[in-house]
Amino acid sequence: MTSSKIRPWIINALVAALYIVLSVGPAAFNLASGAIQFRVSEGLNHLAVFNRKYIWGIVAGVILFDAFGPGASLLNVLFGGAQSLIALLLVTWLGPKLKTVWQRMALNIFLFTISMCMIAWMLMLVGGGTAFWPTYLTTALSEFIIMTITAPIMYGLDKILHFSARLQ
Numbered sequence: 004m005t006s007s008k009i010r011p012w013i014i015n016a017l018v019a020a021l022y023i024v025l026s027v028g029p030a031a032f033n034l035a036s037g038a039i040q041f042r043v044s045e046g047l048n049h050l051a052v053f054n055r056k057y058i059w060g061i062v063a064g065v066i067l068f069d070a071f072g073p074g075a076s077l078l079n080v081l082f083g084g085a086q087s088l089i090a091l092l093l094v095t096w097l098g099p100k101l102k103t104v105w106q107r108m109a110l111n112i113f114l115f116t117i118s119m120c121m122i123a124w125m126l127m128l129v130g131g132g133t134a135f136w137p138t139y140l141t142t143a144l145s146e147f148i149i150m151t152i153t154a155p156i157m158y159g160l161d162k163i164l165h166f167s168a169r170l171q
């Protein structure tokens, strides 16, 4: 294999590892799983705005953290992985129709916020008496906050690191 074929695999492995590392801090305070999820790692979802090839590293990070982190379960892996994959595929499908990076990031924030209904549904299934709407409100709000806070950070990092060119 040439280095141009190996490079995306290595970068996506690093993205997955970074996702896990960034999730560990909030997990220590019970803020990475459950009805309130302030995973700083969710900011990495913005990488897909710059290059769709980042999807695999992001989803791998989500799946691995959900498989081995707090609240690990098969349902957590399936719902968390599916929610991330669906939102990321939608943003890479709809994003090119938008003119600016900020519009694509706003779309990304919107899609991830809305898709938290899948996580709320999963929490309702495993939580027994957990009500859907209050859980959806808290998961969607926490996702909206973290994605909004990390958007300008990822935008600024792109100006230095040029995310799109990293996977070429």
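With the sequence shown counted from 1, adding 3 to any position gets you the numbering used here. All residues carry an ideal CB built from backbone N, CA and C; glycine is no exception. The structure displayed is predicted, hence computed values, not measured ones.
Proximity of residue i and residue j at Cβ, strictly below 8 Å
| i | j | result |
| --- | --- | --- |
| valine 174 | leucine 50 | Outside the modelled stretch of the chain, which goes from 4 to 171, sits residue 174, for which no answer is possible. |
| phenylalanine 135 | tryptophan 124 | yes |
| leucine 126 | threonine 138 | yes |
| glycine 60 | isoleucine 14 | yes |
| leucine 21 | valine 62 | no |
| isoleucine 89 | serine 118 | yes |
Residue of the options minimising C-alpha distance to residue i
| i | options | result |
| --- | --- | --- |
| glycine 83 | Val94, Gly64 and Leu101 | Gly64 |
| histidine 165 | Tyr57, Val80, Ile122 and Leu78 | Tyr57 |
| glycine 74 | Ala38, Trp96 and Gly60 | Ala38 |
| alanine 258 | Gly72, Thr95, Phe71 and Ile122 | Only positions 4 to 171 of the chain appear in this structure, which leaves residue 258 out of reach. |
CA-to-CA distance, residue j to residue i, given in whole angstroms
| i | j | result |
| --- | --- | --- |
| leucine 93 | glycine 132 | 32 Å |
| proline 11 | leucine 77 | 28 Å |
| serine 36 | glutamate 146 | 12 Å |
| asparagine 54 | glycine 130 | 36 Å |
| alanine 16 | glycine 28 | 20 Å |
| serine 26 | threonine 5 | 32 Å |
| alanine 70 | leucine 81 | 9 Å |
Own chain partners of residue i with C-beta closer than 7 Å, once the 5 adjacent residues on each side are dropped
| i | result |
| --- | --- |
| valine 104 | Val52 and Tyr158 |
| leucine 97 | Leu110 |
Chain-order list of residues whose beta-carbon lies under 6 Å from that of residue i (same chain, five-residue window excluded)
| i | result |
| --- | --- |
| isoleucine 149 | Phe41 and Glu45 |
| arginine 107 | Val52, Gly98 and Leu101 |
* Is the number of C-beta pairs between the region 143 to 155 and the region 41 to 58 that are closer than 8 Å three or more? -> yes
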